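*Asks:* Before I ask anything, here is the structure I am working with.
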Amino acid sequence: MRHGVVVGLLCTMVLGGCVTGRHELSAPLTFEALAAPAVVRKVTVPDIDGSGVDVAYIDVGQGPVVVLIHGLGEHLGYWSENVDGLVRQGLRVVALDLPGSGRSGKPDLDYSMIQQAIWLNALLEIVVPETSVHLVGHSMGGQVALRAALLYRRRISSLTLIAPAGIERFTEAEVRFLKQGTSARALGEKDEDQLRAYHTRALYARFGEVAEHHLGERVRLRGSPDFAAYLRAVVRGIHAMLDGPVADELGALRDLPTTVVFGEQDALIPNPFLHPGPTADVADEARRLLPHAHVVLLPDVGHMAQIEASAAVDFLIVENVKRASAPMALESSR
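Numbered by the numbering used here, the letters in the sequence shown go through residues 71 to 404 in order.
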């Protein structure tokens with residue numbers, strides 16, 4: 071019973087759902103046809119086996135470089151509500167599809183947090199070489215951002231973490247339990263009604279037009295020839311978050327300007343089955359682990375804060391970039 075609930079919740083995170091008879095009857099969608107807020111480009115970055123993986127990204131605007139890192143099973147289009155606003159605030163915005171997601175390659179390889187941070191840095195070495203960047207990560211992307219900051223501290227100017235994975239801790243027994251509840255087959259078998267029910271309960275406090283659009287994408291992607299490879303990457307991403315904890319290492323980032331944003335109504339953080347309680351509990355843990363950080367709880371907002379409260383999130387990103395540009399922040403990062 072508990073395994074079924076966990077599988078359903080994980081499906082919520084990665085597959086979405088929609089009203090029966092609307093999206094399900096639409097034409098299948100390929101990953102290449104996913105909506106994006108700007109022209110999508112691709113570069114090839116090295117793989118651990120010496121070959122390469124294509125990484126899709128957008129690069130718009132001028133000014134300090136902000137890098138947007140999406141969450142598990144998402145793609146760069148999940149930042150569509152933020153890109154234009156950040157560019158108008160004088161920022162250069164780079165957003166990517168992490169390997170395994172969106173238009174990027176989906177190799178049968180390791181998707182560990184370290185590997186994803188390496189892929190991210192390899193992209194930045196090509197797109198913005200010798201340039202410091204401000205990392206913004208949502209959910210799993212927040213844990214990737216934390217790992218990247220730990221590995222490549224000298225080139226990271228600030229962190230903005232939105233509903234980040236990596237703050238909440240899990241015991242070894244809890245990790246085993248969560249892993250047992252995930253498989254590509256289980257993730258792919260949920261019908262639209264099941265997916266919509268999980269999606270609306272877990273991801274959003276206010277389900278609107280943008281959320282509906284992404285649900286439609288998710289359902290239609292089932293017809294893509296890359297869907298099985300995508301599901302494989304999603305499962306490995308889930309395992310990677312559990313296997314790659316960062317909480318005990320965050321003291322090394324005490325001099326890095328950091329903002330942590332949670333939706334007060336986030337139904338995924340903390341884990342509702344293993345750690346039932348308010349999101350404020352995890353926000354308090356973020357304050358303990360990152361005592362220098364600016365931690366914000368947004369009222370009436372769920373897990374997808376960058377969509378549900380895009381203006382507030384944009385403001386917090388810009389303010390963190392400004393703090394990082396202050397003389398003291400610049401001096402401390404040298």
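Virtual Cβ for every residue (Gly too), placed ideally from N, Cα, C. As the structure is a prediction and not an experimental result, all values here were calculated from the model.
Is it right to say F101 is buried, meaning 16 or more other beta carbons lie within 10 angstroms of its own, or is it exposed?
*Replies:* Residue 101 sits at position 31 when you count from the first residue of the sequence shown. The residue is buried, with at least 16 neighbouring Cβ atoms inside 10 Å.
*Asks:* Which whole-angstrom value describes the C-beta separation of A353 and L367, a residue pair presumed to lie in contact below a C-beta threshold of 8 Å?
*Replies:* Indexing the sequence shown from 1 puts residue 353 at position 283. Indexing the sequence shown from 1 puts residue 367 at position 297. At roughly 6 Å, the Cβ-Cβ gap stays under 8 Å, so A353 and L367 are in contact.
*Asks:* At which residue ranges does the region 209-267 contain complete beta strand (DSSP E) runs of 3 or more residues, listed in the order of the chain?
*Replies:* Counting only runs of 3 or more, we get 226-232.
*Asks:* To which residues of the same chain is T329 closer than 6 Å at the C-beta, ignoring the five residues directly before and after it?
*Replies:* On the sequence shown, residue 329 is found 259 positions in, with the first residue counted as 1. The residues are T230, H364, L386, N390.
*Asks:* In the DSSP assignment, what residue or residues form a beta bridge with Y127?
*Replies:* In the sequence shown, counting from the first residue as 1, residue 127 sits at position 57. DSSP lists R111, L166 as partners of Y127.
*Asks:* Applying the 10 Å Cβ sphere with the 16-neighbour rule, what's the burial state of P134?
*Replies:* One-based indexing of the sequence shown puts residue 134 at position 64. Buried: at least 16 other Cβ atoms inside 10 Å.
*Asks:* May I ask you to report which of helix, strand or coil DSSP gives T349?
*Replies:* Taking the first residue of the sequence shown as position 1, residue 349 is located at position 279. It is helical.
*Asks:* Please report the straight-line C-alpha distance between D336 and R276, rounded to a whole angstrom.
*Replies:* Sequence index remark: in the sequence shown, residue 336 carries index 266 (1-based). Sequence index remark: in the sequence shown, residue 276 carries index 206 (1-based). D336 and R276: Cα-Cα distance of roughly 11 Å.
*Asks:* Hey, V137 and V197: beta-carbon distance below 7 Å or not?
*Replies:* As a position in the sequence shown, residue 137 is number 67, starting the count at 1. As a position in the sequence shown, residue 197 is number 127, starting the count at 1. It is not a contact, given that the beta carbons lie outside the stated cut-off.
*Asks:* To which residues of the same chain is E244 closer than 6 Å at the C-beta, ignoring the five residues directly before and after it?
*Replies:* Your numbering for residue 244 matches position 174 in the sequence shown. Here the set comprises L344.
*Asks:* Please return the same chain residues whose Cβ sits closer than 7 Å to the Cβ of A394, not counting the five positions on each side in sequence.
*Replies:* The count along the sequence shown starts at 1 and reaches residue 394 at position 324. Contacts found: H204, S227, S228, P327.
*Asks:* Do Y148 and H140 have their C-beta atoms within less than 7 Å of each other?
*Replies:* For the purposes of this step, residue 148 is taken as the residue at position 78 of the sequence shown. For the purposes of this step, residue 140 is taken as the residue at position 70 of the sequence shown. Yes, they are a contact pair.
*Asks:* Give me the Cβ distance between V115 and L193, rounded to the nearest whole Å; I'm assuming they're in contact under 8 Å.
*Replies:* Reading the sequence shown from its first residue, position 45 is the one you call residue 115. Reading the sequence shown from its first residue, position 123 is the one you call residue 193. So it is a contact: roughly 6 Å between Cβ atoms.
*Asks:* Using the rule of at least 16 other Cβ atoms within 10 Å of the residue's Cβ for burial, across every protein chain shown, is T90 buried or exposed?
*Replies:* Reading the sequence shown from its first residue, position 20 is the one you call residue 90. Model confidence at T90 stands at a pLDDT of 39, short of 50, so the residue's coordinates are unreliable; what they give is reported in the following sentence. Classification of T90: exposed, given that the 10 Å Cβ count is below 16.
*Asks:* Candidates L156, Q186, D178: which alpha carbon is nearest L301's?
*Replies:* The residue given as residue 301 occupies position 231 in the sequence shown. Nearest C-alpha to L301: D178.
*Asks:* Quick check on the burial criterion: 16 or more other C-beta atoms within 10 angstroms. Buried or exposed for S171?
*Replies:* For this step, residue 171 is matched to residue 101 along the sequence shown. With 16 or more Cβ atoms within 10 Å of its Cβ, S171 is classed as buried.
*Asks:* Using a Cβ-Cβ cutoff of less than 7 Å, which residues in the same chain neighbour P369 once the five nearest sequence positions on both sides are dropped?
*Replies:* Counting from one through the sequence shown, the residue named residue 369 turns up at place 299. These residues qualify, in order along the chain: E334.
*Asks:* Should the region 291-299 be regarded as contacting the region 207-222, the criterion being three or more beta carbon pairs within less than 8 Å?
*Replies:* Output reads no: the region 207-222 does not touch the region 291-299.
*Asks:* Please work out which residues of its chain come closer than 8 Å, Cβ to Cβ, to W189, disregarding the five sequence neighbours upstream and downstream, and give them in chain order.
*Replies:* Counting from one through the sequence shown, the residue named residue 189 turns up at place 119. If we look at W189 and ignore the five residues flanking it on each side, its Cβ neighbours are V115, V123, V125, L168, P169.
*Asks:* G143 and D384 look like a contact to me (Cβ under 8 Å); what is the Cβ gap, rounded to whole Å?
*Replies:* If you number the sequence shown from 1, residue 143 lands on position 73. If you number the sequence shown from 1, residue 384 lands on position 314. G143 to D384, Cβ: 23 Å. No contact.
*Asks:* On the criterion of 16 or more Cβ atoms from any shown chain inside 10 Å, does A281 qualify as buried, or is it exposed?
*Replies:* For the purposes of this step, residue 281 is identified with residue 211 of the sequence shown, where counting begins at 1. Buried is the call here.
*Asks:* In terms of residues, what are the limits of the alpha helix (DSSP H) holding I339?
*Replies:* Residue numbering aside, residue 339 sits at position 269 when the sequence shown is read from its first letter. That residue, I339, is in no alpha helix (DSSP H); it is neither H nor E in DSSP.
*Asks:* Considering only C-alpha positions, which residue in the set Q264, I184, K392, A375 is nearest to E151?
*Replies:* By 1-based counting over the sequence shown, the position of residue 151 is 81. If we check each option's Cα against that of E151, A375 comes out closest.
*Asks:* Under a Cβ-count criterion, where at least 16 other Cβ atoms within 10 Å of its own Cβ denotes burial, should P234 be classed as buried or exposed?
*Replies:* For the purposes of this step, residue 234 is taken as the residue at position 164 of the sequence shown. It counts as buried.
*Asks:* Is H362 near R306, with beta carbons less than 7 Å apart?
*Replies:* As a first step, residue 362 is located in the sequence shown; it is residue number 292 there, counting from the start. As a first step, residue 306 is located in the sequence shown; it is residue number 236 there, counting from the start. No; because the gap between Cβ atoms is not below 7 Å, this pair is not in contact.
*Asks:* Judging by CA-CA distance, which residue of G372, I377, D318, P342 is the nearest neighbour of E355?
*Replies:* Working through the sequence shown from its first residue, we reach residue 355 at position 285. Out of G372, I377, D318, P342, D318 has the C-alpha closest to the C-alpha of E355.
*Asks:* Does DSSP put V316 in a helix, in a strand, or in coil?
*Replies:* Numbered from its first residue, the sequence shown carries residue 316 at position 246. V316 falls in the coil class under three-state DSSP.
*Asks:* Alpha carbon to alpha carbon, what distance is there between A219 and A396?
*Replies:* The residue labelled residue 396 in the question sits at position 326 within the sequence shown. The residue labelled residue 219 in the question sits at position 149 within the sequence shown. Their Cα atoms are separated by approximately 19 Å.
*Asks:* In whole angstroms, what separates the C-alpha of R223 from that of M311?
*Replies:* Here residue 223 is taken as the residue at index 153 of the sequence shown, counted from 1. Here residue 311 is taken as the residue at index 241 of the sequence shown, counted from 1. In a straight line, the C-alpha of R223 is about 20 Å away from that of M311.
*Asks:* When the Cα atoms are used, what is the spatial distance from D117 to T349?
*Replies:* The count along the sequence shown starts at 1 and reaches residue 117 at position 47. The count along the sequence shown starts at 1 and reaches residue 349 at position 279. Between D117 and T349, the C-alpha separation is close to 36 Å.
*Asks:* Cα-Cα, which of V153, A105, H309, V163 is closest to G251?
*Replies:* As a working note, residue 251 is residue 181 in the sequence shown. Of V153, A105, H309, V163, the residue nearest in Cα terms is H309.
*Asks:* Between L338, D313, V164, which lies nearest to T241 when the distance is taken from Cα to Cα?
*Replies:* Here residue 241 is taken as the residue at index 171 of the sequence shown, counted from 1. Nearest C-alpha to T241: D313.
*Asks:* Got a sec? Which residues, its chain only, sit under 6 Å from N191 by beta carbon, not counting five neighbours each side?
*Replies:* Taking the sequence shown and counting its residues from 1, one reaches residue 191 at position 121. So the qualifying residues of the chain are Y222.
*Asks:* In chain order, what residues of the same chain have a beta carbon less than 8 Å from the beta carbon of A254, not counting five sequence neighbours either side?
*Replies:* For the purposes of this step, residue 254 is taken as residue 184 along the sequence shown, with counting starting at 1. The answer, listed in chain order, is A298, L301, R302, V304, V305.
*Asks:* Where does V371 sit, in a helix, a strand or coil, going by DSSP?
*Replies:* Position 301 of the sequence shown, counting from 1, holds the residue named residue 371. Coil.
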